[in-house]
Amino acid sequence: VGKLNVTFITPLDQEDIHSLASAIDDIVDYIDATVERLMLYKVGKPTEDFAQLARILHRAVEETQKAVGQLGVFKKNQNTMKQCWIEINRLENEGDSTSRAAIAKLFSEGCDAVEVIKWKEIYEHVETAIDKCEDVANILEQIVLKHA
């Protein structure tokens, strides 16, 4: 970002670029934190609920990547970006409901208390990573609206 101030002349505001880069970094941070917890907690075989959340996150990251990739030509491809935002929002809602159901299942199935704590934290980290994809989509939408 420091080099950005003196090196590049961009069609986007430096603040927008910084916000976007920070939001993308947040996605990576939460994915990394999830992996660290999986290893640290030695949870063994992933649950089906975790696998479902991971699939949702994977799709959200793919849509986020697609939307960011359109940024250079957003004036020509606003509809493509809009479809990405809509899909990311849908995936974020799906992630919310899947995470809530997975956590409720942990408590209702009478699992070991330590396992409940481990998986609850892991589920919440995956769900937060999905939320961060929506944050990127919101920033992209603001950039497009500002420069439309």
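FYI, the numbering for the sequence shown is 21 to 168, going by our numbering. Ideal placement from N, C-alpha and C gives every residue a C-beta, glycine not left out.
Check	Outcome
Beta-carbon proximity of residue 104 to residue 135, cut-off 7 Å	no
At least three beta-carbon pairs within less than 8 Å, the stretch 55-63 to the stretch 149-160	no
Given residue 4 as reference, the closest of 49, 44, 37, 72 once Cα atoms are compared	Look at the range of the chain in this structure, 21 to 168, and you will see that residue 4 is not part of it.
C-alpha gap between residue 5 and residue 76, whole angstroms	No answer is possible for residue 5: the residues shown for the chain start at 21 and end at 168.
Counted within 10 angstroms of its Cβ, other Cβ atoms place residue 90 as buried (16 or more) or exposed	buried
Status (buried if at least 16 other CB within 10 Å, exposed otherwise) for residue 96	exposed
Residue 153, DSSP secondary structure in three states	helix
Extent of the continuous alpha helix (DSSP H) run through residue 118	98-128
Start-end ranges of the alpha helix (DSSP H) lying completely within the stretch 34-92, minimum 4 residues	34-60, 68-89
Simplified DSSP assignment, three categories, for residue 32	coil
Option in 141, 36, 154, 145 with minimal Cα separation from residue 106	154
Assigned exposure category for residue 119 - 16 Cβ within 10 Å defines buried	buried
CB-CB length for residue 123 against residue 143, believed under 8 Å	6 Å
Exposed unless 16 or more other CB atoms sit within 10 angstroms - verdict on residue 47	buried
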